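This report concerns only the one structure given below.
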Amino acid sequence: ELSDNTKNVGEKWSADMWRFGCLIWEVFNGPLTRSSSLRNLNKIPKSLVPHYCELVGANPKLRPSPSKFLQNCSQMGGFLDNKFVETNLFLEEIQIKEPDERQKFFQELSNNLDNFPEDFCRHKVLPQLLMAFEFGNAGAIILTPLFKVGKFLNSQEYQQKIIPIIVKMFSSPDRAMRIRLLQQMEHFIQYLNEPTVNTQIFPH
Numbered sequence: 001e002l003s004d005n006t007k008n009v010g011e012k013w014s015a016d017m018w019r020f021g022c023l024i025w026e027v028f029n030g031p032l033t034r035s036s037s038l039r040n041l042n043k044i045p046k047s048l049v050p051h052y053c054e055l056v057g058a059n060p061k062l063r064p065s066p067s068k069f070l071q072n073c074s075q076m077g078g079f080l081d082n083k084f085v086e087t088n089l090f091l092e093e094i095q096i097k098e099p100d101e102r103q104k105f106f107q108e109l110s111n112n113l114d115n116f117p118e119d120f121c122r123h124k125v126l127p128q129l130l131m132a133f134e135f136g137n138a139g140a141i142i143l144t145p146l147f148k149v150g151k152f153l154n155s156q157e158y159q160q161k162i163i164p165i166i167v168k169m170f171s172s173p174d175r176a177m178r179i180r181l182l183q184q185m186e187h188f189i190q191y192l193n194e195p196t197v198n199t200q201i202f203p204h
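Residue numbering for the sequence shown follows UniProt numbering, starting at 1 and increasing by one per position.
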């Protein structure tokens with residue numbers, strides 16, 4: 001690629017986008033040992049193929065910029081047009097979203113969690129759920145996704161991260177919230193110890 005750059009001088013991003021195309025090929029195929037293998041498209045997802053081909057095309061001038069590549073892949077039916085990417089992007093920008101947008105997001109989140117990687121749920125979704133309760137007044141709306149993510153935690157993690165939220169919810173003056181907790185008690189009852197129940201939950 002670099003040795004033949006005298007023929008066609010592309011944009012400042014052209015060489016980097018070619019390398020990015022090589023990286024995409026390796027993600028789906030393994031180590032790239034010769035550039036001729038870039039023409040083998042069998043293992044690259046069909047929705048990604050046309051955009052990948054633009055990256056590794058012979059003419060550097062025709063390679064898209066990073067922003068254009070993302071824009072192309074995010075179009076309806078594109079490789080990045082899916083709930084996982086959509087959720088990830090929303091979580092990245094959740095602090096600047098409007099309250100009604102966050103409310104709608106948490107309402108729909110539970111239906112998508114079953115299709116997301118476990119590590120993503122534990123390390124990306126869970127911290128945002130906890131933060132939404134602590135600082136965003138999310139309330140009971142986070143319960144269903146919270147309990148779904150809770151299935152991926154061991155007992156110690158559950159005690160440290162989720163039980164404190166449940167205890168705070170039980171102390172809330174919102175009767176509807178306490179009723180929702182009681183309705184979903186099967187998700188967390190095994191993690192409640194007797195002292196916690198007697199001193200922090202029953203009094204409310």
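Idealized CB from N, CA, C, for every residue including glycine. From a predicted model like this one, the values you see are computed outputs, not experimental measurements.
Check, Outcome
"A15 lies in the alpha helix (DSSP H); which residues open and close that run?", "S14 to N29"
"Nearest to S74 by alpha carbon, out of F20, M169, Y158 and L89?", "L89"
"Where does the unbroken alpha helix (DSSP H) through Y52 begin, and where does it stop?", "V49 to L55"
"Which whole-angstrom value is the C-beta distance of W18 and L70, which I expect to be below 8 Å?", "Actually they are not in contact, since the Cβ atoms of W18 and L70 sit about 17 Å apart, beyond 8 Å."
"Helix, strand or coil: which one does DSSP assign to Q75?", "coil"
"Within its chain, find whatever has a CB closer than 6 Å to the CB of I162; leave out the 5 residues flanking it on each side and keep chain order.", "G150"
"In chain order, what residues of the same chain lie with their CB nearer than 6 Å to the CB of F135, ignoring the 5 residues before and after it?", "none"
"Skipping 5 residues on each side, what residues in its chain have a beta carbon closer than 7 Å to that of F20?", "L55"
"Can M177 and G139 be called in contact, C-beta distance under 8 Å?", "yes"
"Here's the rule I'm using: 16 or more other beta-carbon atoms within 10 Å means buried, otherwise exposed. How should V125 be labelled?", "buried"
"DSSP three-state label for P64, please.", "coil"
"Could you name the residues of the same chain whose beta carbon sits closer than 8 Å to that of Y52, not counting the 5 residues immediately before and after it, in chain order?", "G21, I24, W25, L41 and I44"
"Is it right to say S3 is buried, meaning 16 or more other beta carbons lie within 10 angstroms of its own, or is it exposed?", "Low local confidence applies: a pLDDT of 48 at S3 is under 50, so the model's placement there is unreliable, and no value is given."
"Between which two residues does the alpha helix (DSSP H) holding N59 run?", "No alpha helix (DSSP H) contains N59, which DSSP labels as neither H nor E."
"When burial is assigned at 16 or more other CB atoms within 10 Å of the CB, is A58 buried or exposed?", "exposed"
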